[in-house]
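*Asks:* Taken in order, the sequence shown gives residues -18 to -1, 1 to 118; the numbers are from mature numbering (1 follows the signal peptide of the UniProt record, and there is no 0).
Positions of the beta carbon are idealized from the N, C-alpha and C atoms, including for glycine.
Keep in mind that this is a model prediction, so the values were computed, not measured.
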Amino acid sequence: MLRLGVALSAALALSAEARTVGRRQDAQIYEAEDAVLTGVAVDTAQAGYSGTGYVGGFDEAADTITFTINSDSAQLYDLSIRYAGIYGAKVTTVVLNGGARTDVSLDETTEFTTASGGQILLNEGDNTIDIVSNWG
């Protein structure tokens, strides 16, 4: 099982931990604060995050968190995003390897919760997963 940790936030103080959950028993978590951040920053104001914080500041349409994930083989994974969205429902865009895009609905919530992002196919080797604000 592969887990992708992502923390999101916008003018909505949205905090997320995206997880990719595969069909294997092993698990690895990737935290957003360890990813490449564009236009966003690590925050710790809202309790309940994992890792060392969450990522906030999704104020512009181009604000992005980019993960590089290495996969031993081409394999399908279920993607989910853990987040807290205290300023209303939002939609975020997930971009796989610079191509395939999917929108993920994030309902309003005061505590961290999980939203499904569907399935993604990771290639063998390095893959990039971008979490992009599309509400800025």
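Under a Cβ-count criterion, where at least 16 other Cβ atoms within 10 Å of its own Cβ denotes burial, should G38 be classed as buried or exposed?
*Replies:* The count along the sequence shown starts at 1 and reaches residue 38 at position 56. The residue in question, G38, is buried, as its Cβ has 16 or more Cβ neighbours within 10 Å.
*Asks:* Drop a sphere of 10 angstroms on the beta-carbon of A29, count the other beta-carbons inside from all chains shown, and report buried for 16 or more, exposed for fewer.
*Replies:* Here residue 29 corresponds to residue number 47 of the sequence shown, with the count starting at 1. Exposed: under 16 other Cβ atoms inside 10 Å.
*Asks:* For N52, tell me which candidate among Y31, A43, E42 and L78 has the shortest Cα-Cα distance.
*Replies:* Working through the sequence shown from its first residue, we reach residue 52 at position 70. Closest option to N52, Cα to Cα, is L78.
*Asks:* Can you have a look at S115 and say buried or exposed, based on whether 16 or more other CB atoms are within 10 angstroms of its CB?
*Replies:* Residue mapping note: residue 115 aligns to position 133 of the sequence shown, counting from 1. Looking at its Cβ environment, which holds 16 or more other Cβ atoms inside 10 Å, S115 is buried.
*Asks:* Identify every residue that forms a DSSP beta bridge with Y59.
*Replies:* As a first step, residue 59 must be located in the sequence shown, where it is residue number 77. BP columns for Y59 point to I102.
*Asks:* Can you tell me whether V18 is buried or exposed? The criterion is at least 16 other CB atoms within 10 Å of its CB, across all chains shown.
*Replies:* As a position in the sequence shown, residue 18 is number 36, starting the count at 1. By the neighbour-count rule (16 or more Cβ atoms within 10 Å), V18 is not buried but exposed.
*Asks:* Round the Cβ separation of R64 and T92 to the nearest angstrom and send it over; I've been treating them as touching at under 8 angstroms.
*Replies:* By one-based count along the sequence shown, residue 64 stands at place 82. By one-based count along the sequence shown, residue 92 stands at place 110. The pair is not a contact, with the Cβ atoms about 14 angstroms apart (cut-off 8 angstroms).
*Asks:* Give the secondary structure of D85 by DSSP, where H, G and I count as helix, E and B as strand, and everything else as coil.
*Replies:* Within the sequence shown, numbered from 1, the residue matching residue 85 stands at position 103. Three-state DSSP puts D85 in a strand.
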